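First up is the structure itself, then whatever we jot down about it.
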């Protein structure tokens, strides 16, 4: 089918070429250049959409379109455009859909005319590296091929430049990374590999500080346990957890029925003995008065001797009962437990619930921390790390430094030296073998710090190579099997 020549062909060609030179730049991004080219072709040829499809090996890719938004690469429409570009690259000629055996998706049946033209390689006209697909959804007097004829040469030149730029950008990174390696002689490659290996070995041998990660709790450096002096009933708790008390302040009050009964018995026996002694003294006075008026007899002498003996026994008994009563008063006074020093109360929740219950003698009631002694960090050091710490303690004059912080308040940090390391291994609450390490804290802490707060940090135990620190788990695994 022939079409009448377009009288405005020269003017369209000039307008296309000027617009292309104005809208694209050799230094611009190839994708932007492809979009600009599609937009110019759509305007000059009166196509509703123009797509630029590039061939990448066995597959094709839609890199630019003249419409917004762009085509979804996962859509059936993009798949159909790739299939159409593959057909163009295979035949090397223009392809019109109605003349080919390519089935269109159902969502593209509204296109009234579709034309795909090849884009040749700049170095070889026989090599097809891209395709431009033009589509119309409305009928026009002239076909796409006729509208394209006046500007075909300019479009081919511009499309070839854009396709070459896209190909160069895709291969640029790969060329830069592999060009030298592919063309370098074998000795240079071996030198590079050996240099990298030596550098890595030197890096691993650099000595760096070796630190052990530790975790523990904050405890008073000096504290005293408060225990029940006798079995009885806990009547009242005068202090609660965290209270600061002065020396002599009442902490708790006990009551023992047995002690009360014993004190009452002693008081009764003491009163009875004093009454009997007073009676004997009165009788002795009466007997002495009778002897002064009557003649003495043998019977009166014996009664006086017995009375004096009995008085001596009663005096001794009264003295003993008085001592027992005083002791019992002290015992009863001790049932009111008082603070032995100025300090802070450490009381568990379950201990505060003992009020009104019967407790046994020497049962723990609370802890009294000395405020002037400060705090200490009790660290649960894993048994596997014990050898590193003891090696430093045995070889260096000063104990290692630990950098600790409160887990709940990371801004509270302090550095202290390790104090004492226990000689026994114990299991922590997680069932792991640990060794207790005591680190005295010689820096002031905030007033609101909680006893038992979790502390975390590190203990520096000398210097080791960077490789040992990086591969320490693997090295210790081999050592555990005697390797």
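Numbering (our numbering), first residue to last: 32 to 514. Note that CB positions come from ideal geometry on N, CA and C, so glycine has one too. From a predicted model like this one, the values you see are computed outputs, not experimental measurements.
query: Given 8 Å, three or more beta-carbon pairs between the segment 227-240 and the segment 352-370; result: no
query: Best match in 155, 497, 366, 400 for proximity to residue 390 [C-alpha to C-alpha]; result: 366
query: Residues that residue 87 bridges to, as DSSP identifies them; result: 90
query: Cβ distance (whole Å) where residue 296 is taken to contact residue 264 below 8 Å; result: 20 Å between Cβ atoms; not a contact.
query: First through last residue of the beta strand (DSSP E) which encompasses residue 286; result: 281-286
query: Distance CB(residue 468)-CB(residue 495) smaller than 9 Å; result: no
query: Buried or exposed by the 16-neighbour rule on C-beta atoms within 10 Å, applied to residue 197; result: buried
query: Reference residue 278; option with closest CA among 413, 506, 400; result: 400
query: Same chain, Cβ closer than 8 Å to residue 473, five either side skipped, listed in chain order; result: 405, 447
query: Residue environment, residue 111, which counts as buried when at least 16 other CB atoms sit within 10 Å; result: buried
query: For residue 465 and residue 412, believed in contact at Cβ under 8 Å, the rounded distance; result: 6 Å
query: Contacting residues, own chain, Cβ-Cβ under 8 Å from residue 508 (five flanking each side not counted); result: none
query: Under 9 Å between C-beta atoms of residue 397 and residue 270; result: yes
query: Buried/exposed call for residue 13, threshold 16 Cβ in 10 Å; result: With the chain covering 32 to 514 only, the question about residue 13 has no answer from this structure.
query: Unbroken alpha helix (DSSP H) run spanning residue 70, endpoints; result: 61-76
query: Given 8 Å, three or more beta-carbon pairs between the segment 427-440 and the segment 301-314; result: no
query: Extent of the continuous beta strand (DSSP E) to which residue 460 belongs; result: Unbroken run through residue 460: none, as it is neither H nor E.
query: Residue 186 - DSSP class collapsed to helix/strand/coil; result: helix
query: Option in 259, 476, 81 with minimal Cα separation from residue 284; result: 259
query: Residue 340 versus residue 346 - alpha carbon distance; result: 10 Å
query: Own chain partners of residue 511 with C-beta closer than 8 Å, once the 5 adjacent residues on each side are dropped; result: none
query: CB contact flag (residue 99, residue 81, <9 Å); result: no
query: Residue 111 - partner residues in DSSP beta bridges; result: DSSP lists no partner for residue 111.
query: Straight-line gap, residue 199 to residue 436 (C-alpha atoms, nearest Å); result: 56 Å
query: Beta-carbon proximity of residue 482 to residue 250, cut-off 9 Å; result: yes
query: Continuous alpha helix (DSSP H) stretch holding residue 240: start and end; result: Careful: residue 240 lies outside any alpha helix (DSSP H), inside the beta strand (DSSP E) at 238-251.
query: Cross-strand partners of residue 401 (DSSP beta bridge); result: 374
query: Whole-Å CB distance - residue 342 paired with residue 292, under 8 Å assumed; result: So it is not a contact: roughly 29 Å between Cβ atoms.
query: Nearest-angstrom Cβ-Cβ length linking residue 152 and residue 160, presumed shorter than 8 Å; result: 5 Å
query: Beta-ladder partner(s) of residue 275, from DSSP; result: 375
query: Within 9 Å, strictly: CB atoms of residue 59 and residue 94; result: no
query: Residue 102 (DSSP reduced to helix, strand or coil); result: coil
query: Residue 167 and residue 77 closer than 9 Å at C-beta; result: yes
query: Nearest candidate by alpha-carbon position, reference residue 460, set 247, 489, 290; result: 247
query: Simplified DSSP assignment, three categories, for residue 340; result: helix
query: DSSP beta-bridge partners of residue 445; result: 435
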